[in-house]
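Report on the following structure.
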């Protein structure tokens, strides 16, 4: 089978690609080809795999060409991140709304020309939820909580969830939208996501560096390790229509943490000195964005697919240490 | 003040224009100019009013030119109807999604260039609600019911609600989305809307003609008279941000009826002979679309604005008779 992974050179995309290549199969079919589409080149180990083809450049211009390739499945992960979209409204519209629309229309034309509808997993986000003044956010957001996004990023993710559902209803694709929790611990440097500090407050201290935390320690948020997130994306791809029940988006499993609880786990795994490298420096812009996000999430439909959250945050810290030193 | 009414030559749009011209003011300001933008020419009485300017043609191509006019408020009513969108997917995308997006972007650029953000009422629809297999529809859909649209029309209305909310959050417009119930009794001939029969089963018998009803008499649905719908659109325009509470869409008042109840009212007002002109002829296509719509709706936020549903369906029948014979 042939798989397209948009955003395949990013952290989640590269990890998903690596996992799929190691498995060698998806939904019971041998993986012959993985197309990575990204603005930047993928890591060298992926580019070197004979099953990998790389398309580098802006996705918006490439959607039709990609859909014209032999194609069985798509993981659509490419996205501008939340902070970028708040800072540059047009970038957000173009990267997260127009690009998804162009991809869906290219896949639709493929089906209209007689091809089998492509299975597509769209990576949505827990950022679709937010506290609209008229609609208080429940303590725990579930699959069936009413989304009221408080960022352009969350708005575009929600809009695309509904487009994916409608293109699926019409039979143009076999689409499913999975809402990712905040993925931590990400390696590398801070990125433009407002949630970037959820990785930084663990990653930097483990490297002996000072980390700035822009929100208070009682800030609560649902998170997930990279491994659990990748397992969720693959399970949602492999699920039958019957197991998914509806066409609406489902939440991926969440470990519901506070910043303080994350730092307790850091201390338990790496010692007090590591924790003391975290300095609280309030940042109103970041805090404002985070205040519009859920404090905790549940994932009943994902649980029916056999998906469970990470056991505890110390596990997540250890997963990061093991991988960053291997 | 200067007001743009998209779809201003349609049934709701022309009636809204007529009502506004008769009032002479909106939100406490004198109406100097009404721009009617529609694919077809408006009724002669509107075109003859010295305060009216008419822009005829596809709205998509005109959005920037319209936003470049002096402008204080917009009623964005232009839309392809549900049946058309199911039959022609690209028409639905173009008319209901791309056009709204183009209008919002034109208004955004206006604000970015220094103009006061325009107040905009977007006419959404009760068709945003539907029974996704994973999310049963409640017996009565409220402002805070999770929408899961089962048509492209409902999908695009929902998507535009969220775009209006986000452009409002960013300060580009002062937008508010009102979900219209099915408006009955519409004059004229059946149109492409799957809900067209909700008018036909009253209008045709009153004209001494046979009407075909494509759904069984126990089909339940929330409806509203033209007058109540127009009053709702104006009240949502005039409401302060505080009265609206949130940026999410609100339901307009609904009179919750069954087809049988509507025919009882027809008989009470116009006699048994009128009712006997209605023939039940099942139509699977129409019934399938209607089955995905709510059976009843509530409108708590509209009630806080002082808006109430029609008192009973006999009132609605009498309103139609009085207007169609005047």
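Chains as they are written, first to last, in the working numbering: chain A, 18 to 343; chain B, 18 to 343.
Yeah, the Cβ is synthetic: ideal placement off N, Cα and C, and Gly gets one too.
For residue i, which of the options has the nearest alpha-carbon?
i: residue 61 of chain B; options: B/248, B/272, B/31; result: B/31
i: residue 199 of chain A; options: A/318, A/98, A/323; result: A/98
i: residue 136 of chain A; options: A/43, A/118, A/212, A/218; result: A/43
i: residue 9 of chain A; options: A/299, A/342, A/127, A/271; result: Shown here, chain A extends from 18 to 343; a query on residue 9 of chain A therefore has no answer.
i: residue 88 of chain A; options: A/319, A/282, A/131, A/143; result: A/131
i: residue 293 of chain B; options: B/176, B/224, B/161, B/51; result: B/224
i: residue 64 of chain B; options: B/304, B/326, B/26, B/267; result: B/26
i: residue 259 of chain B; options: B/142, B/108, B/193, B/68; result: B/193
i: residue 202 of chain B; options: B/160, B/147, B/340, B/301; result: B/340
i: residue 74 of chain B; options: B/34, B/36, B/39, B/116; result: B/116
i: residue 216 of chain B; options: B/71, B/298, B/180, B/333; result: B/333
i: residue 291 of chain A; options: A/305, A/220, A/234; result: A/220
i: residue 21 of chain A; options: A/67, A/46, A/66, A/72; result: A/72
i: residue 146 of chain A; options: A/218, A/175, A/123, A/183; result: A/175
i: residue 110 of chain A; options: B/118, B/109, B/267; result: B/118
i: residue 342 of chain B; options: B/204, B/257, B/253; result: B/204
i: residue 309 of chain A; options: A/273, A/286, A/238; result: A/238
i: residue 279 of chain B; options: B/244, B/222, B/120, B/57; result: B/222
i: residue 125 of chain B; options: B/150, B/85, B/104; result: B/85
i: residue 284 of chain B; options: B/326, B/305, B/257, B/218; result: B/218
i: residue 251 of chain B; options: B/322, B/266, B/305, B/272; result: B/322
i: residue 161 of chain A; options: A/234, A/123, A/266, A/226; result: A/266
i: residue 108 of chain A; options: A/92, A/138, A/76, A/226; result: A/76
Would residue i count as contacting chain B if we go by Cβ distances under 8 Å?
i: residue 155 of chain A; result: no
i: residue 152 of chain A; result: yes
i: residue 126 of chain A; result: no
i: residue 161 of chain A; result: yes
i: residue 165 of chain A; result: yes
Here's a check: name, in chain order, each residue in its chain whose Cβ is nearer than 7 Å to the Cβ of residue i, leaving out the five neighbours to either side.
i: residue 157 of chain B; result: 313, 314, 315
i: residue 172 of chain B; result: 166
i: residue 112 of chain A; result: 96, 97
i: residue 246 of chain A; result: 29, 197, 200, 269
i: residue 24 of chain A; result: 30, 55, 94, 95, 96
i: residue 106 of chain B; result: 169
i: residue 236 of chain B; result: 275, 276, 307
i: residue 300 of chain A; result: 231
i: residue 41 of chain A; result: 47, 48
i: residue 264 of chain B; result: 182, 185, 186
Return no unless some Cβ of chain A is closer than 8 Å to the Cβ of residue i.
i: residue 179 of chain B; result: yes
i: residue 210 of chain B; result: no
i: residue 149 of chain B; result: yes
i: residue 344 of chain B; result: Residue 344 of chain B lies beyond the stretch modelled for chain B, which goes from 18 to 343, so this question has no answer here.
i: residue 176 of chain B; result: yes
In terms of DSSP beta bridges, what is residue i paired with?
i: residue 139 of chain A; result: A/93, A/194
i: residue 42 of chain B; result: B/47
i: residue 230 of chain A; result: A/297
i: residue 22 of chain B; result: B/53, B/92
i: residue 60 of chain B; result: Residue 60 of chain B pairs with nothing; no bridge assigned.
i: residue 179 of chain B; result: Residue 179 of chain B pairs with nothing; no bridge assigned.
i: residue 430 of chain A; result: Residue 430 of chain A lies beyond the stretch modelled for chain A, which goes from 18 to 343, so this question has no answer here.
i: residue 158 of chain A; result: A/314
i: residue 72 of chain B; result: B/54
i: residue 218 of chain B; result: Paired residues: none, contrary to the question.
i: residue 286 of chain B; result: None, per the DSSP bridge assignment.
Listing by chain order, which chain A residues have their CB less than 9 Å from the CB of residue i?
i: residue 191 of chain B; result: Within 9 Å Cβ-Cβ: nothing; residue 191 of chain B doesn't reach chain A, min ~15 Å.
i: residue 318 of chain B; result: 151
i: residue 172 of chain B; result: 179, 180, 182, 183, 186
Name, please, each residue of chain A whose Cβ falls closer than 8 Å to the Cβ of residue i.
i: residue 187 of chain B; result: 106, 169
So, at 8 Å on beta carbons, what are the nonlocal neighbours of residue i in its own chain, with the 5 sequence-adjacent residues on each side left out?
i: residue 249 of chain A; result: 195, 197, 241, 269, 270, 319, 324
i: residue 214 of chain B; result: 207, 228, 229, 230, 231, 232, 303
i: residue 68 of chain A; result: 38, 48, 49, 50, 51
i: residue 188 of chain A; result: 128, 134
i: residue 34 of chain B; result: 22, 25, 51, 53, 59, 63, 69
Apart from the five residues just before and just after residue i, which ones in its own chain have a Cβ nearer than 6 Å to its Cβ?
i: residue 209 of chain A; result: 98, 100, 101
i: residue 36 of chain A; result: 247
i: residue 212 of chain A; result: 199
i: residue 282 of chain B; result: 330, 331, 334
The region 245 to 266 of chain B: positions lying closer than 9 Å to chain E by Cβ: Absent from the structure is chain E; the protein chains it does hold are A and B.
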